[in-house]
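Enquirer: One structure, as structure tokens, below. Some questions next.
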Amino acid sequence: MDERILKAVYHAIDELNAQLPPGVSVEKALDAPLYGATGKLESLDFVTLVMEVEEKINAEFDTDITIADEHLLSKQDSPFSSVRTLIEYLEKLLKEQSTSAS
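Position 58 (the sequence shown) corresponds to 274 in our numbering; numbering is contiguous.
And the structure:
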């Protein structure tokens with residue numbers, strides 16, 4: 217697992233948690249649920265997290281990726297179900313982008 221991606225995602229979670237009401241937060245753990253059936257985030261909070269993650273990843277890797285689209289949100293095995301699946305998805309996206317840029 218890429219440590220820079222993990223740090224970027226955890227930093228985005230910190231940013232989101234600072235905006236959430238008292239008593240509501242996203243855990244910084246690989247198996248923490250994010251969005252979907254077991255997720256803790258409501259739609260607006262999820263969008264905020266996605267925007268924060270995109271910002272952090274794009275700054276860290278000097279890239280311009282978009283991590284969410286309608287197709288992904290409707291998948292049963294969504295990459296947004298947990299912190300781990302989000303990080304794995306980001307690793308895949310960044311690898312695909314570096315391969316296509318070569």
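All residues carry an ideal CB built from backbone N, CA and C; glycine is no exception.
Pull up the CB-CB distance for LYS272 and ALA234, whole angstroms please, since I reckon it's below 8 Å.
Expert: Not quite, the Cβ-Cβ distance comes to about 14 Å (not below 8 Å), so this is no contact.
Enquirer: Our contact map puts SER215 next to LEU250 with C-beta atoms below 8 Å; I'd like the distance itself, whole angstroms only.
Expert: With the chain covering only 217 through 318, there is no way to say anything about residue 215.
Enquirer: In chain order, what residues of the same chain lie with their CB nearer than 8 Å to the CB of THR279, ignoring the 5 residues before and after it?
Expert: Closer than 8 Å at Cβ, skipping near neighbours: ILE273, LEU310 and GLN313.
Enquirer: GLU304 to PRO295, Cα distance in whole Å?
Expert: When rounded, the distance between both Cα atoms is 8 Å.
Enquirer: Which first and last residues belong to the alpha helix (DSSP H) in which TYR226 is found?
Expert: Looking at the DSSP string, the run of the alpha helix (DSSP H) that includes TYR226 is 219–235.
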